[in-house]
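Notes follow the structure.
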Amino acid sequence: MPRCVRAPSPAPADSCLTHVPCPQADPSETIDIETFHQILDLDEDDTHDFSKGMAWAYFTQASTTFTEMDEAYTKKDLAKLSSLGHFLKGSSAALGVAKVQATCEQIQHYGQLRDEESGTDLTEDVALERIGALLARVKKDYVVAEAWLKKWYAENSVPGEDDEDA
Numbered sequence: 365m366p367r368c369v370r371a372p373s374p375a376p377a378d379s380c381l382t383h384v385p386c387p388q389a390d391p392s393e394t395i396d397i398e399t400f401h402q403i404l405d406l407d408e409d410d411t412h413d414f415s416k417g418m419a420w421a422y423f424t425q426a427s428t429t430f431t432e433m434d435e436a437y438t439k440k441d442l443a444k445l446s447s448l449g450h451f452l453k454g455s456s457a458a459l460g461v462a463k464v465q466a467t468c469e470q471i472q473h474y475g476q477l478r479d480e481e482s483g484t485d486l487t488e489d490v491a492l493e494r495i496g497a498l499l500a501r502v503k504k505d506y507v508v509a510e511a512w513l514k515k516w517y518a519e520n521s522v523p524g525e526d527d528e529d530a
């Protein structure tokens, strides 16, 4: 399968070396291209039905999880925030949505009152303050990832038999 292959630095980050176009946004921080291509390898044909189904299921999961995170944040339920962060971290990792994955991992740890980067414990107030900022950021990162994935599928999927009637 042809792939979007990025040139090594210092070439522009969005330069593609094969004939499969890259979406205009540079996915390097948002999408782990290697993981995404591993998912594409599971597709049986150029309709990308399998991986597209995974992506659309992820969109639904993420939307539901963000709603639950907002509710848990309002209730100051750090254990629930940690659990939801862990859940969305795993779903994001499976599809290669790297920025969302990394931020959800931070939410998971802050929900456990830990700052893993500094190796220190946090108070509930500090953890909630940090999670509040992360929730805003992760939603923005998710929007970028969702747009990139939808654009990729729109540009690279061959319509299947079921799609021709639509």
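Per the numbering used here, the sequence shown starts with residue 365, numbered consecutively.
From the three backbone atoms N, C-alpha and C, an ideal C-beta is built for every residue, glycine too.
From a predicted model like this one, the values you see are computed outputs, not experimental measurements.
Test item: CB-CB of residue i and residue j under 8 Å
i      : j      : result
THR411 : VAL522 : yes
GLN470 : SER456 : no
VAL490 : THR467 : no
GLU393 : LYS463 : yes
GLY460 : ILE403 : yes
When the options are compared against residue i, the one with the closest alpha-carbon
i      : options                        : result
LYS504 : TRP420, PHE414, ALA419, SER427 : SER427
ASP434 : TRP512, ILE495, ASN520, GLU510 : ILE495
PHE451 : GLU510, THR438, GLU432         : GLU432
THR429 : ASN520, LEU448, LYS514         : LEU448
Exposure label - residue i; buried when at least 16 CB within 10 Å
i      : result
LYS440 : exposed
PRO376 : Note that PRO376 has pLDDT 32, beneath the 50 cutoff, so the model's placement of it is unreliable and the number below is only indicative. PRO376 should be labelled exposed.
ALA518 : exposed
VAL369 : With a pLDDT of 32 at VAL369, under the threshold of 50, the modelled position of that residue is not reliable, and the figure given next carries that caveat. The residue is exposed, with fewer than 16 neighbouring Cβ atoms inside 10 Å.
LEU406 : exposed
GLY475 : buried
GLU510 : buried
Straight-line gap, residue i to residue j (C-alpha atoms, nearest Å)
i      : j      : result
LEU477 : ILE395 : 28 Å
LEU492 : ALA443 : 11 Å
ALA419 : THR487 : 36 Å
HIS473 : SER446 : 6 Å
TYR422 : VAL508 : 14 Å
HIS401 : ALA497 : 31 Å
LEU499 : TRP512 : 20 Å
- Message: To test your reading of the DSSP string, which unbroken alpha helix (DSSP H) runs of 4 or more residues are found completely within the segment 416 to 461?
- Response: 442 to 459
- Message: What ranges does the alpha helix (DSSP H) occupy inside the segment 480 to 523, keeping only unbroken runs of at least 4 residues that lie completely in it?
- Response: 488 to 520
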